[in-house]
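A quick write-up on the structure given underneath.
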Amino acid sequence: MTRLASSGMMIVEDDIFGDFEPESSPRLAVLDGLARVIRIGSFSKTLSASIRCGYIAARPDWIDALIDLQVAISFGGVSPATAELVFAVLNDGGYRKHMEAVRRRLVRARRDTAVRLEALGITLWLMPRGGFYLWCALPAGQDATTLARAALCEDVVLAPGNVFSVSQSASGFMRFNVAQMGEARIFDVLERALASGRCREKGGGRLETLSAEDGSIRATM
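The sequence shown begins at 0 in numbering that gives the first Met the number 0 and counts up by one.
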């Protein structure tokens with residue numbers, strides 16, 4: 000924080016998943032006292048994707064300019080009905096109870112998903128303390144985008160590692176959203192896709208790669 004102040008730089012702390020932590024970690028905005036840090040939060044992840052409502056915590060002299068920017072880029076503000084709903088949930092203690100229940104469900108979902116993935120030879124990079132996502136290593140020789148393409152043919156959408164890699168060096172990894180992994184059919188599709196990948200590897204078939212720039216799938220030899 001001392002270096003931040005001396006350099007005149009600003010940090011934007013994107014904290015939209017912070018409420019999924021079982022125990023809260025130190026926040027830069029708290030350590031800094033909002034002197035050079037802007038904190039961003041959202042209720043779209045914790046309450047509902049249809050509730051397009053969040054917040055910005057910043058120095059008072061920055062707020063007016065940020066409001067002007069928000070109005071300019073969205074041609075308006077937050078829906079009054081949405082704001083009233085969020086206020087009511089926060090004010091009556093319902094939000095805390097809701098998040099406690101969500102965190103418990105996610106603990107079970109992460110554990111159950113990890114067990115079923117490991118049975119397929121897909122291993123966790125680490126078990127996160129909270130949140131929706133598991134970052135996993137595929138079995139040796141498997142390409143994540145090839146796997147995703149095979150699963151897509153059976154109407155299962157997966158997230159290949161290279162979508163999240165600027166250097167395109169994560170072809171052996173995949174991200175799984177545990178909130179979407181409740182159906183047994185998903186793991187059956189994964190098993191078939193992995194078997195198909197092993198056949199391609201032995202046969203020297205072509206690989207499918209995903210463009211991180213536009214999200215489109217293209218074939219390369």
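Heads up, the beta-carbon is just placed ideally off N, CA and C, and yes, glycines get one too.
(request) Could you spell out the range, first to last residue, of the alpha helix (DSSP H) harbouring Asp-13? (result) Segment 10-13 is the beta strand (DSSP E) holding Asp-13; no alpha helix (DSSP H) there.
(request) May I ask you to report which of helix, strand or coil DSSP gives Ser-43? (result) coil
(message) Bridge partners for Tyr-94 per DSSP, in chain order?
(response) For Tyr-94, which the question treats as bridged, DSSP gives no partner whatsoever.
(request) On a CA-only basis, which of Ala-118, Ala-143, Ile-37, Pro-127 is nearest Phe-163? Give me that one, please. (result) Ala-143
(message) Just to confirm, is the Cβ distance from Arg-58 to Leu-30 under 9 Å?
(response) no
(message) DSSP three-state label for Thr-208, please.
(response) Unreliable placement is indicated for Thr-208, whose pLDDT of 36 sits below 50; the coordinate value is still reported in the next sentence. Looking at Thr-208 - three-state DSSP - the assignment turns out to be strand.
(message) I need the straight-line Cα distance from Trp-134 to Ser-5, nearest angstrom please.
(response) 37 Å
(request) Quick one: give me the first and last residue of the alpha helix (DSSP H) that Ala-139 is part of. (result) No alpha helix (DSSP H) holds Ala-139; DSSP gives it neither H nor E.
(request) At 4 residues or longer, and completely inside the segment 58-124: list those alpha helix (DSSP H) runs for me, N to C. (result) 59-73, 79-90, 93-117
(request) Quick one: residues in its chain with C-beta nearer than 6 Å to the C-beta of Met-8, no 5 flanking neighbours on either side, listed in chain order? (result) none
(request) Could you check the C-alpha separation between Asp-63 and Arg-95 for me, to the nearest Å? (result) 30 Å
(request) Specify the secondary structure class of Arg-174 as computed by DSSP and reduced to three states. (result) strand
(request) Measure the alpha-carbon distance for Leu-125 versus Ala-192 and round it to whole angstroms. (result) 23 Å
(message) Taking 6 Å as the limit between beta carbons, can you name the residues of its chain near Pro-150, skipping five residues before and five after?
(response) Residue identity check: residue 150 is Ala in the sequence provided, not Pro. Excluding sequence neighbours, Ala-150 sits near Leu-157, Val-188, Ala-192.
(request) Would you check if the distance between the CB atom of Ser-78 and the CB atom of Arg-51 is smaller than 9 Å? (result) yes
(request) Could you pull out every residue in the same chain whose Cβ sits closer than 6 Å to the Cβ of Val-36, ignoring the five residues on either side in sequence? (result) Ile-10, Glu-12, Leu-27, Ala-28
(message) Helix, strand or coil, according to DSSP, for Arg-221 in the structure here?
(response) Residue 221 falls outside the range modelled here, since the chain spans only 0 to 220, and no answer is possible.
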